[in-house]
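Below you'll find the structure, written out as structure tokens, and then a few comments.
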Amino acid sequence: MNSLAATIEGIGFWANGLPSWQAARDYVASQALRDDAPAKPAPQLLAPNERRRAPDSVAVALQVALAACNDAGRDPKMLPSVFASTHGDLAITDYMCATLAQEPRALSPTRFHNSVHNAAAGYWTIGNGCVQATTAISAYDASFAQGLLEALLQLATGSEAVLLAGYDAPSVGPLAKVSVSRGLLGGALVLSGAAHGTRLRAT
8 MNSLAATIEG
18 IGFWANGLPS
28 WQAARDYVAS
38 QALRDDAPAK
48 PAPQLLAPNE
58 RRRAPDSVAV
68 ALQVALAACN
78 DAGRDPKMLP
88 SVFASTHGDL
98 AITDYMCATL
108 AQEPRALSPT
118 RFHNSVHNAA
128 AGYWTIGNGC
138 VQATTAISAY
148 DASFAQGLLE
158 ALLQLATGSE
168 AVLLAGYDAP
178 SVGPLAKVSV
188 SRGLLGGALV
198 LSGAAHGTRL
208 RAT
């Protein structure tokens, strides 16, 4: 069987108490969380008013995606991207289902706008002025693995570098029984076909 390989050029990470890849590395070394860690991601890609309106799932995806691009020294608008999430923003989906069942006319247009699975990918391309291809993938528990496979295949078919961002937010309501997600988490990689650097291989 042929294998797919890539070089990891950049990494982005965000979790509660661990707002960066370096913070996560420090935690592994010291087992101590920072006292001043931000409670929510605040992606600089968005204007302040958009940052306030964006759901946490979008915010964490953009935060880690931009961090990975900065770490790699790559211009975000020049990279094709893959965004992987189990089901998108399950809290918004739960809100929409409950509102449609009880009072459909009260549905928030903003939340409806953010309910689609490719919301993060849309914010990313608009915020960067990126016209490269972007893909939104959902594959339940295998979403990140499927996103990684997609990114590796894009490299294998000619892309110079690809951004992969995986993210999920807490699930609530009845959907929490279907998809168990208890926190906000995001991770991103900029992958390339460069010959030197930390290599990743899928067989």
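Per the numbering used here, residue 8 is the first one in the sequence shown, and the count goes up by one each step. The beta carbon of each residue, even a glycine, is placed where N, CA and C say it ideally should be. Model, not experiment: these values are computed from the prediction.
Here the C-alpha atom of G17 lies approximately 15 angstroms from the C-alpha atom of A30. For V197, the enclosing beta strand (DSSP E) covers residues L192 to S199.
Going by beta carbons, L69 and W131 fall inside the 8 angstroms limit. Its Cα nearest to that of D82, the residue V197 stands out among H203, V197 and A209.
Within the model, the alpha-carbon separation for R58 versus S145 is close to 24 angstroms.
Between the C-alpha atoms of G204 and A79 there is a straight-line separation of about 11 angstroms. In the structure shown, the three-state DSSP call for A74 is helix. If you ignore the 5 residues before and after G180, its C-beta comes within less than 6 angstroms of the C-beta of D101, all in its own chain and listed in chain order. Annotation: the continuous beta strand (DSSP E) that includes V89 extends over S88 to A91. Measuring C-alpha to C-alpha distances from A44 to each of A128, S27 and L52 identifies S27 as the nearest.
Only buried fits Q161, as 16 or more other CB atoms lie within 10 angstroms of its CB. Rounded to the nearest angstrom, the gap between the Cα atoms of N121 and L114 is 12 angstroms.
For R206, the uninterrupted beta strand (DSSP E) segment begins and ends at T205 to A209. Judged by DSSP in its simplified three-state form, D101 adopts helix. Here T14 carries a strand assignment [DSSP, helix/strand/coil]. The C-beta distance from G200 to E167 rounds to 7 angstroms, short enough to fall under 8 angstroms. Beyond the five residues adjoining it in sequence on each side, T106 comes within less than 7 angstroms, by CB distance, of A113 and L114 in the same chain, given in chain order. Residue V67 holds the alpha-carbon nearest to the alpha-carbon of A91 among P50, V67 and V138. The DSSP-derived three-state label of V169 is strand.
Contact between F20 and V71 holds: their C-beta atoms lie close to 6 angstroms from each other, under 8 angstroms. With fewer than 16 other Cβ atoms from the protein chains shown falling within 10 Å of its own Cβ, C104 counts as exposed.
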